[in-house]
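Everything on this sheet refers to the single structure shown next.
Number of protein chains: 2
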Amino acid sequence: MSRTIAERPDAVLALANTFRLHGFEGASLSVISAETGLGKGSLYNFFPGGKEEMARAVLDEVNTWFRTRVYEPLVAPGEPGTRIAEMFEAAASYFESRDLVCLFGAFALGQERERFAAAIREYFVEWIAALETALARAGHGPQRSHDLAIDTVSGIQGALVISRALGETEAFRASLTRLHARITRPSSNDDTGDVR
Amino acid sequence: MSRTIAERPDAVLALANTFRLHGFEGASLSVISAETGLGKGSLYNFFPGGKEEMARAVLDEVNTWFRTRVYEPLVAPGEPGTRIAEMFEAAASYFESRDLVCLFGAFALGQERERFAAAIREYFVEWIAALETALARAGHGPQRSHDLAIDTVSGIQGALVISRALGETEAFRASLTRLHARITRPSSNDDTGDVR
DNA sequence: GCTGGGTTGTACCGATCGGTCTAAGGTGTA
DNA sequence: TACACCTTAGACCGATCGGTACAACCCAGC
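In order, the protein sequences belong to chains A and B. Each residue of the first sequence is one higher than the one before, starting from 4 at the first, in our numbering. Each residue of the second sequence is one higher than the one before, starting from 4 at the first, in our numbering.
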């Protein structure tokens, strides 16, 4: 009993790696069983809903991680520029330590999209909203804060795609550095209806 | 005989839709057969290498399309700014008419990456190289042309991810418009280490 | 030691996978 | 019209899919 409740979170972490490596369809139960070290019996004991519940648990865990480690710090009191810098650092180290795979991004492009549409949408909506708040606090106008937030989150996803496609891990951090520079150092493009 | 050579290209077009809709793993032979209207016999007659050869034929067709319709026009003689504008229009209408799916981007994020790594890499390398050339002709320094080309192609991929994740098709064109504005109207950011 | 409830590995299920093969059907040439 | 050829549909193959069932197992409380 006491072991059970302590082990499901561990299983979720292992599952996250497996889904990142193989995708949803590619992660067969035999693969999952092998990589988590859990038999099917244990897996269906933890996740009665089967593979779909496993994936939902993983997405939920990731979303929670971002919420507490990225979105909430982003809108917490403090210098907005610093908060944003921390967001870039958190995102960079998170994805670098996970083979440059964002499960939500991968699911959004794959056939997993319909099944997990709500969770995928929530993840990006929350991220964009938090960044938009921080950007507005940093002095950008509402419209520009919104656009910049979308473009930045979008840019991070694009950097993941390109870096993986080119097989150049280090290109990812370079892209993030440029994305960061774009929104910290206000450019002359900033004239889009903004007072700063 | 004469029908055979005329029908394989048609099959490739149908296959492209199927792979876009279901992904590589999700496109089972029964699904492929149903959506293309071809029996397994016909499919293996056209593509003896099976599903993998079907996917390679599709990737090849898409890559050829971009090469002739995007990359080559991009570096053809003419006003670089106009060429770049045409690239954005071609990319926007291409992806809009295909459910905002870039097969190469989707494959890069999925488990198809290893199998088709070379084709995926080639697609993005060619695109970035052509855009970099056009940007340099438009007056950007070499380093900045390179960075801008990467950021723009990356930005398009990110826009596909975000637009699909949010379920907002129209957001895609808006993102592309902003990406375009960024590289046409030279900003004060332009001073970023170009001299080297 | 027992015993009993919860946890586990695994045999097994029907369905479906990618791929093979063959017999029927269609086509072009004479 | 008749023949030779080739395309085609679909039955069939072993393997594996996601999921279920169940028997062996572990370890508290007595």
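All C-beta atoms, glycine included, are put in the ideal place defined by N, C-alpha and C.
Item, Value
"Nearest chain A C-beta to residue 26 of chain B closer than 9 Å, yes or no?", "yes"
"Which runs of the alpha helix (DSSP H) spanning at least 4 residues fall entirely within the segment 62–144 of chain A, listed in chain order?", "75–78, 83–99, 106–112 and 120–140"
"Name the residue from B:178, B:66, B:166 and B:87 whose alpha carbon lies nearest to the alpha carbon of residue 106 of chain B.", "B:66"
"Going by C-alpha to C-alpha distance, which of A:28, A:125 and A:178 sits closest to residue 147 of chain B?", "A:178"
"Interface residues of chain B around residue 153 of chain A at Cβ under 8 Å?", "165, 174 and 178"
"Any beta carbon from chain B within less than 9 Å of residue 157 of chain A's own beta carbon?", "yes"
"Looking only at its chain, what residues have a beta carbon closer than 8 Å to the beta carbon of residue 55 of chain B, apart from the 5 residues adjacent to it on each side?", "118"
"For the alpha helix (DSSP H) containing residue 182 of chain A, name the first residue and the last one.", "172–187"
"Does the beta carbon of residue 35 of chain B come closer than 9 Å to any beta carbon on chain A?", "no"
"Please tell me whether residue 160 of chain A and residue 108 of chain A are closer than 9 Å, where the distance is taken between their beta carbons.", "yes"
"Could you check where the alpha helix (DSSP H) with residue 33 of chain A kicks off and where it finishes?", "32–39"
"Return the chain-ordered list of same chain residues with a C-beta closer than 7 Å to the C-beta of residue 50 of chain B, the five sequence neighbours on each side being excluded.", "56, 57 and 60"
"How would you call residue 86 of chain B, buried or exposed, if buried means at least 16 neighbouring beta carbons within 10 angstroms?", "buried"
"Taking 8 Å as the limit between beta carbons, can you name the residues of its chain near residue 95 of chain A, skipping five residues before and five after?", "175, 176 and 179"
"Closer than 8 Å between beta carbons: that is the criterion. Which residues of the segment 108–129 of chain B meet it against chain A?", "108, 109, 111, 112, 113, 114, 116, 120, 123, 124, 126, 127 and 128"
"In whole angstroms, give me the CA-to-CA distance for residue 84 of chain B and residue 80 of chain A.", "43 Å"
"Can you round the beta-carbon distance between residue 163 of chain B and residue 151 of chain B to whole angstroms, since I take them to be within the 8 Å contact cut?", "The Cβ separation is near 19 Å, so there is no contact."
"Taking the alpha helix (DSSP H) that residue 52 of chain B falls in, what are its first and last residues?", "Counting along the chain, residue 52 of chain B falls outside any alpha helix (DSSP H), and DSSP gives it neither H nor E."
"For the candidate residues A:11, A:125, A:140 and A:36, whose alpha-carbon lies nearest to that of residue 21 of chain A?", "A:36"
"In whole angstroms, give me the CA-to-CA distance for residue 92 of chain A and residue 158 of chain A.", "15 Å"
"Kindly give me the distance between the Cβ atoms of residue 169 of chain A and residue 124 of chain B, rounded to whole angstroms, as I take these residues to be in contact under 8 Å.", "6 Å"
"Among the residues of its own chain, which have a CB less than 6 Å from the CB of residue 115 of chain B, if the five just before and after it don't count?", "27"
"Apart from the five residues on each side of it in sequence, which residues of its chain come closer than 6 Å, Cβ to Cβ, to residue 73 of chain B?", "90 and 93"
"Anyone know if the C-beta pair for residue 17 of chain A and residue 32 of chain A falls short of 9 Å?", "no"
"Using three-state DSSP, classify residue 44 of chain A as helix, strand or coil.", "helix"
"Should residue 130 of chain B be labelled buried (16 or more other beta-carbon atoms within 10 Å of its own) or exposed?", "buried"
"As a quick exercise: from B:99, B:120 and B:149, pick the residue whose alpha carbon is nearest that of residue 186 of chain B.", "B:149"
"Could you give the distance in angstroms between the alpha-carbon of residue 181 of chain A and the alpha-carbon of residue 98 of chain B?", "26 Å"
"Beta-carbon of residue 61 of chain B versus every beta-carbon of chain A: anything under 9 Å?", "no"
"Nearest CA to the CA of residue 126 of chain B: which residue from B:100, B:78, B:62 and B:48?", "B:62"
"Can you check whether the CB of residue 46 of chain B is closer than 9 Å to the CB of residue 136 of chain B?", "no"
"Could you tell me the alpha carbon to alpha carbon distance between residue 2 of chain B and residue 171 of chain A, rounded to whole angstroms?", "In the structure as shown, chain B begins at 4 and stops at 199. Residue 2 of chain B is therefore absent and cannot be evaluated."
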